[in-house]
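In what follows, a structure is listed as structure tokens, so that the remarks can point back to it.
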Amino acid sequence: MKLQIPGDGELELKTLILDLNGTITVRGKLIEGVQERLGLIKDKGLEIFLFSGDTRGTAANIAQQLGIEIKIALNGEDKQKIAEGLEPATCVAIGNGLIDVPLFQKVGLAIAVLQAEGLHRECLEAADIIVPSILDALDLLIDEPSLIATLRP
Ligand SMILES: [Mg+2]
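Here the sequence shown is numbered in my numbering, starting from 9 and rising by one per residue.
What follows is the structure, encoded as structure tokens:
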């Protein structure tokens with residue numbers, strides 16, 4: 009997907025990188041509404057990955073349920089290294105924790121979510137956009153004009 013941002017040029021997004029705990033799940037439960045939105049985002053041509061430290065041991069099941077690929081990342085440096093192989097300037101990442109900070113610093117667009125498991129202060133500072141929920145984050149990717157409106161200078 010290619011966004012024309014007035015006054016700031018083009019932003020091409022090819023890959024969506026999701027964090028697991030506190031981002032697409034809260035207390036281990038997949039947030040309702042994520043699955044259908046990921047379907048819409050896939051239809052726009054984005055490839056979707058789950059990058060997770062898998063704190064709860066549930067990552068593989070959730071990735072399978074969502075039909076997305078999982079990459080196990082044990083720390084923030086792992087997340088950053090994996091993203092480096094995915095044209096990071098064309099990646100959008102969504103996360104909430106300290107582990108997401110090195111990834112947020114590499115990708116073309118970083119979106120932080122503030123949900124029940126919290127948003128780490130350093131993650132907030134590394135983000136381009138902060139939204140109240142994963143559903144809002146995914147809706148920004150689905151409704152491109154709202155994303156452009158937030159990003160334009
Ligand atoms: Mg997290």
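Beta carbons: idealized from backbone N, C-alpha and C, even for Gly.
In this structure, Thr98 has its CB at a distance of at least 8 angstroms from all heavy atoms of ligand 1. At a cut-off of 4 residues, the continuous stretches assigned as alpha helix (DSSP H) that sit fully inside the segment 38-68 are 42-51.
Taking non-hydrogen atoms of ligand 1 into account, the C-beta of Thr31 is found less than 8 angstroms away from one of them. Taken in chain order, the complete alpha helix (DSSP H) segments of 4 or more residues contained in the segment 71-121 are 84-92 and 109-114. It is roughly 13 angstroms from the alpha-carbon of Leu132 to the alpha-carbon of Ser141.
Check the Cα spacing between Ala67 and each of Glu40, Asn29, Thr98 and Glu92: the tightest is with Asn29. Beyond the five residues adjoining it in sequence on each side, Leu54 comes within less than 7 angstroms, by CB distance, of Met9, Leu21, Lys22, Thr23 and Leu24 in the same chain, given in chain order. By alpha-carbon distance to Cys99, the top candidate from Gln43, Leu58, Ser154 and Glu44 is Leu58. By the 16-neighbour rule on beta-carbons within 10 angstroms, Thr31 is buried.
Thr31: not part of any alpha helix (DSSP H); DSSP gives it neither H nor E.
The C-beta distance from Leu146 to Ile49 rounds to 6 angstroms, short enough to meet the 8 angstroms contact threshold.
By a beta-carbon distance limit of 8 angstroms, Ile80 does not contact Leu26. Their separation comes to about 14 angstroms. Counting other Cβ atoms within 10 Å of its Cβ, Gln88 reaches 16 or more and is therefore classed as buried.
Taking 9 angstroms as the cut-off, the beta carbon of Ala91 is found no closer than this to the beta carbon of Leu117.
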